[in-house]
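Worksheet: one structure, shown below.
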Amino acid sequence: MRVKNPLRALARALLFKAPIQAQLIVTRRCNLSCGYCTEYDNFSPPIPFEVLKARIDALHRLKVINITLLGGEPLLHPRLADLVAYANHDAQVSVTTNGFLLTDKIIAALNEAGLSNMQVSIDALMPDTSRYIQKSMKSILPKLQRLRRLAKFDVHVNLVLCENSKGHFPETLAELRRLGFFVTVNPIHDDKGIIEIGGEEYVALWEHHYQNSNPCSFIEYDYGKRLLQGEQPEWQCRAGARSLYVDEFGNVQFCHAQRGRLDKPVLEYTRADVAAHYNTAKGCEKGCAILCVYRDSYLDNAPLGMVKATYRLLRRGGVSRANLEVPPPPARWPPWVIEPADLPPAARSPGAAAWWVARPPIDVVVTVVLRRHALLCLPAWI
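So the sequence shown is residues 126 to 507, counted in the numbering used here.
Listed below in structure tokens is the structure:
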């Protein structure tokens, strides 16, 4: 995701401990009914524009760095582009969609509104006859090609790893990378956020993804692998502070899987609430597969771990060629980056390192290379 104002984002994240992301429901309605989804219905009307504006104002007051508009299916909201433009005044803006409703007109409107990033959810190469999985590569391919041609915002694809998708997982991954898309993978979880799969087969697929992935994806690699191996790593969840979820009623929740626990109106949510929940134990961390919340918490939980893991991945040459070649990397480093002479070749490469800084993928927004061989990486939504 491109960073509209990197210095402001850094200040908010590091100095003010502002929320890194807030997910804002704009409608519960969806045009699909995937078997694993707990986030949709087929009858609710879109939340009124003026109501959502007030909720966005509240998020701006909290200095939220990235606002993600989602549903349901956010493209069903008739004023989605207007919402993006309004939220864009003081935040990065992302949209999470299944992509089925994308048209040239919608993409142009989102370009004009200043959208930063779009996540398109795809779960398999071919449609599932049971309709448990409906977001297949075959169904969405024309929309992806349209995005590659027209979108001025960053686009990445998220795959759900589950029993129904594992059979064609490597082929789906390879095809998406051939098309030039950065890919993230989430293991399926239950309605409480607890991982539902595990075993050597899934670990092998997880490894396959990360062997060919951009090293900026390291944040959840070790954690996800341990979950799939049946472990329950301990970590401090920063939901309610670094990560917010605003439901259709305008209430802040810890995340979509923990509805009803916090239930405080976003219009009344203050910096004091953010501070109060920063160190609050949520009690649901063990086995949690809500990786977006894990990423947003990582900045505080293991800042030095970011440096170490990134450097380790650089040394083993973990930069994905597909991600570097489409589109081409910038010709020079941005002015805030100092390239050290003693970094390993993968990091010294103008293509690899400059790609990270100027057009980083979903898991890292800013990679600042310091004078020796340290890397400061901040999570995706900064």
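Glycine included, each C-beta is placed from N, C-alpha and C at the ideal position.
- In the three-state scheme derived from DSSP, where H, G and I count as helix and E and B as strand, R363 is classed as coil.
- Under the 8 Å Cβ criterion, the stretch 287-296 does not count as touching the stretch 355-363, having fewer than three qualifying pairs.
- Around the beta carbon of E393, fewer than 16 other beta carbons lie within 10 angstroms, which makes this residue exposed.
- Using a Cβ distance threshold of 8 Å, T193 and T221 count as a contacting pair.
- With contacts defined by Cβ atoms closer than 8 Å, L240 and L200 do not form a contacting pair.
- For M262, the uninterrupted alpha helix (DSSP H) run begins and ends at M262 to L275, by DSSP.
- Residue burial is scored here from C-beta neighbours: G349 has at least 16 other C-beta atoms within 10 angstroms and is therefore classed as buried.
- A distance of 8 Å or more separates the beta carbons of E373 and I322.
- V328 is positioned such that its CB atom lies no closer than 8 Å to that of V282.
- Close CB contacts of D166 within its chain, under the 7 Å cut and outside five residues either way in sequence, are with R153 and R154 (chain order).
- DSSP places L226 outside both helix and strand once states are collapsed to three, so it counts as coil.
- Proximity of the stretch 397-410 to the stretch 299-306 falls short of the contact definition, fewer than three beta-carbon pairs being nearer than 8 Å.
- Non-local C-beta neighbours of L187 in its own chain, meaning closer than 7 Å and more than five positions away in sequence, comprise A143, P144, Y394, R396 and V399, ordered along the chain.
- Taking C-beta separations shorter than 8 Å and ignoring five residues to either side along the sequence, the partners of L250 in its chain run S261, M262, K263, H293, E296, T297 and E300, following chain order.
- Annotation for V399: the continuous alpha helix (DSSP H) segment containing it runs R396 to Y403.
- One Cα belongs to E198, the other to A136, and the distance between them is close to 33 Å.
- The beta-bridge partner set that DSSP reports for K389 consists of V377.
- Of the other Cβ atoms in all chains shown, fewer than 16 fall within 10 Å of the Cβ of S158; this residue is therefore exposed.
- By the Cβ neighbour-count rule, L140 is exposed, with fewer than 16 other Cβ atoms within 10 Å of its own.
- Counting C-beta atoms within 10 angstroms of its own C-beta, F168 has fewer than 16 neighbours from the protein chains shown and is therefore classed as exposed.
- Here I344 carries a helix assignment [DSSP, helix/strand/coil].
- The way I'd put it, the stretch 407-423 doesn't touch the stretch 201-209; fewer than three beta-carbon pairs between them come closer than 8 Å.
- Of the residues assessed, L132 falls on the exposed side of the cut-off, its CB having fewer than 16 other CB atoms within 10 angstroms.
- Residue pairing of N311 in beta bridges, as defined by DSSP: V285.
- The Cβ neighbour count for N191, taken over all protein chains shown within 10 Å, is at least 16; the residue is labelled buried.
- The DSSP-derived three-state label of A249 is strand.
- Check the Cα spacing between H314 and each of W331, H334 and V285: the tightest is with V285.
- Residue A216 holds the alpha-carbon nearest to the alpha-carbon of N242 among N426, A216 and D248.
- Here the C-alpha atom of C413 lies approximately 10 Å from the C-alpha atom of P312.
- By the Cβ-count criterion, G324 is exposed, with fewer than 16 other Cβ atoms from all chains shown falling within 10 Å of its own Cβ.
- In the DSSP annotation of this structure, the continuous segment of the alpha helix (DSSP H) that includes Q336 starts and ends at E325 to Q336.
- The Cβ-Cβ distance between V377 and K389 falls below 8 Å.
- Relative to N236, the option among I247, D248, I181 and S219 whose CA is nearest is S219.
- Only residues of its own chain outside the window of five on either side were considered, and among them A238 and G239 have a CB closer than 7 Å to the CB of N213, listed in chain order.
- With a cutoff of 8 Å on beta-carbon distance, A147 and L369 are scored as near each other.
- For S368, the enclosing beta strand (DSSP E) stretches over residues S368 to V371.
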